[in-house]
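K.L.:
Sharing a structure below in structure tokens format, with a few things to ask.
Numbering (my numbering), first residue to last: 5 to 301.
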């Protein structure tokens with residue numbers, strides 16, 4: 005018998021069937037293109053269509069989950085009379101977590117016996133999806149909701165994520181790089197290497213000329229930071245470049261011996277800001293720091 009409910013939102017970028025198989029309930033996020041509102045289906049074929057629209061000039065708009073949306077999502081779940089562990093998109097990149105805290109307070113007034121443990125993942129995309137899968141694993145192993153929440157808060161800093169892309173115009177559009185930086189970077193074939201600091205802020209850590217040298221650099225970083233890869237599952241997610249992403253991931257798997265490498269799409273929540281062409285690797289490893297990874301001298 006399960007002892008608590010695990011939920012997250014569709015920005016975790018895990019396929020819907022993976023969440024269903026693990027008993028994780030997603031709050032579906034919405035986005036807008038050309039005045040039309042869409043709901044994230046968490047299906048890869050719809051992600052492909054989303055990026056094709058961006059390639060054709062569409063500029064999607066996203067909005068964070070508001071307090072009422074959290075309330076409407078959690079209220080039916082509370083009828084099961086079980087605690088809820090909800091893993092949220094990191095507060096360093098969105099106000100979603102803060103809105104969730106307000107919703108917890110509102111539901112506590114409505115139902116004082118309710119227990120909702122909201123986790124600020126400090127992560128984006130599959131990073132907090134992997135935390136949700138860990139929560140499901142702990143639930144099925146007999147942990148209590150509080151034990152699970154305590155573990156996630158203590159170990160979320162060990163989730164490492166490293167991103168790169170050679171499509172800088174989308175990072176410029178989202179404010180991650182300057183207009184000058186995008187022009188120069190595109191001209192010189194500069195690829196940024198990004199990660200998240202301990203609070204979940206997305207940081208450009210290094211800039212490398214050429215995609216192949218960038219991938220070699222990420223390999224070196226993974227080699228330094230991964231812990232017991234032979235016993236670990238890692239993820240590669242991408243914004244509609246499946247062949248490049250698989251080549252990227254299989255290279256990492258062969259070199260470091262990860263038990264398994266899984267692949268998924270970056271969904272509309274992050275994809276609206278990064279655009280097509282980005283890929284990232286996620287793995288358990290040494291703790292992230294406030295300033296992120298220090299580049300090799």
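We put the beta carbon where it would ideally sit given N, CA and C, even for glycine. Nothing here was measured: the structure is a model prediction, and the numbers come from that model.
Does the distance from the C-beta atom of residue 270 to that of residue 17 stay below 8 Å?
P.N.:
The answer is yes: Cβ separation under 8 Å.
K.L.:
Which ranges would you report for the alpha helix (DSSP H) in the segment 41-105 if only whole runs of at least 4 residues count?
P.N.:
DSSP assignment within the segment 41-105 yields the following whole alpha helix (DSSP H) runs of 4 residues or more, N-terminal first: 48-59 and 71-82.
K.L.:
Cα-Cα, which of 141, 230, 15 and 209 is closest to residue 132?
P.N.:
15
K.L.:
Quick one: using the 10 Å Cβ neighbour count with 16 as the cut-off for buried, is residue 290 buried or exposed?
P.N.:
Counting the other Cβ atoms within 10 Å of the Cβ of residue 290 gives fewer than 16, which makes it exposed.
K.L.:
Which residues in the same chain as residue 101 place their Cβ atom closer than 6 Å to its Cβ, once the five residues preceding and following it in sequence are excluded?
P.N.:
Hits under 6 Å: 92, 95 and 124.
K.L.:
Need the endpoints of the alpha helix (DSSP H) that residue 310 sits in, please.
P.N.:
This structure leaves residue 310 out entirely; the chain is present only between 5 and 301.
K.L.:
Taking residue 254 as the reference, give the member of 240, 244 and 245 with the closest Cα.
P.N.:
Nearest neighbour of residue 254 by Cα position, chosen from 240, 244 and 245, turns out to be 240.
K.L.:
So, residue 165 versus residue 195, is the Cβ gap smaller than 8 Å?
P.N.:
no
K.L.:
Could I get the ranges of all uninterrupted alpha helix (DSSP H) runs contained in the segment 255-283, with 4 residues as the minimum, in chain order?
P.N.:
Counting whole runs of 4 or more residues, the segment 255-283 contains the alpha helix (DSSP H) stretches 272-278.
K.L.:
The alpha helix (DSSP H) that contains residue 130, what's its start and end?
P.N.:
130-144
K.L.:
Just how far apart, CA to CA, sit residue 138 and residue 161?
P.N.:
14 Å
K.L.:
Strictly by DSSP, which residues pair up with residue 159?
P.N.:
Beta-bridge pairing links residue 159 to no other residue.
K.L.:
Determine, using beta-carbon pairs with one atom in the segment 256-270 and one in the segment 113-123, whether at least three such pairs fall under 8 Å.
P.N.:
no
K.L.:
Could you name the residues of the same chain whose beta carbon sits closer than 6 Å to that of residue 42, not counting the 5 residues immediately before and after it, in chain order?
P.N.:
Correct list, in chain order: 35.
K.L.:
Helix, strand or coil: which one does DSSP assign to residue 196?
P.N.:
strand
K.L.:
Beta-carbon within less than 6 Å of residue 90's beta-carbon, same chain only, minus the 5 sequence neighbours each way: which residues are those?
P.N.:
11 and 122
K.L.:
Identify, in the order they occur along the chain, each residue of the same chain with its Cβ nearer than 7 Å to the Cβ of residue 202, setting aside the five sequence neighbours on each side.
P.N.:
126, 161, 292, 293 and 294
K.L.:
Provide the residue span of the alpha helix (DSSP H) that contains residue 234, from first to last.
P.N.:
No alpha helix (DSSP H) holds residue 234; DSSP gives it neither H nor E.
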